[in-house]
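Written out below as structure tokens is the structure these notes cover.
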Amino acid sequence: QQQQGGGKGSAQNLIPGAGAAASTSAAPFDDGSMVNSTTSVLNMFERVAQAVTILQLEKPSDWAAMQYSVGDDCDKNLTTDEIKVVMSLRVDFSEEAVIKACANLG
Numbered sequence: 019q020q021q022q023g024g025g026k027g028s029a030q031n032l033i034p035g036a037g038a039a040a041s042t043s044a045a046p047f048d049d050g051s052m053v054n055s056t057t058s059v060l061n062m063f064e065r066v067a068q069a070v071t072i073l074q075l076e077k078p079s080d081w082a083a084m085q086y087s088v089g090d091d092c093d094k095n096l097t098t099d100e101i102k103v104v105m106s107l108r109v110d111f112s113e114e115a116v117i118k119a120c121a122n123l124g
């Protein structure tokens, strides 16, 4: 049975401010700042788009063919660890295939 909600391995943890506070006009980030600019909202949706793309892959290695950047250098990109978490949500992806696909990321 799959865990629902905001658990440690939850996809909700990938999006700052995506929880109960997200329903307000300005959601706080972990650092206490508020989401008020269009840029920060667009960055959050880019992260969601990347997660959705990962969930639609036929196999984990297909992620390498996508034109997304990976890493901490930009708030709109998922990190390798976050990509691994999202891939792990797919029950038909083997753990070995996910580890191999994530090891090949930039």
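Going by my numbering, the sequence shown opens with residue 19, and the numbers climb by one from there. Each residue gets a CB set at the ideal place from its N, CA and C atoms; glycine is no exception. Predicted, not measured: the structure shown is a model, and the values here were computed from it.
- Message: Here's a check: name, in chain order, each residue in its chain whose Cβ is nearer than 6 Å to the Cβ of Asn61, leaving out the five neighbours to either side.
- Response: Asp93, Lys94
- Where the alpha helix (DSSP H) through Cys120 begins and ends: 113-121
- Is it buried or exposed for Lys118, if we count other Cβ within 10 angstroms and need 16 for buried? exposed
- Query: Under 8 Å between the Cβ atoms of Gln68 and Tyr86?
  - Reply: yes
- In chain order, what residues of the same chain lie with their CB nearer than 8 Å to the CB of Ser58, ignoring the 5 residues before and after it? Asp93
- Query: Is it buried or exposed for Glu114, if we count other Cβ within 10 angstroms and need 16 for buried?
  - Reply: exposed
- Query: When the Cα atoms are used, what is the spatial distance from Ala121 to Phe63?
  - Reply: 25 Å
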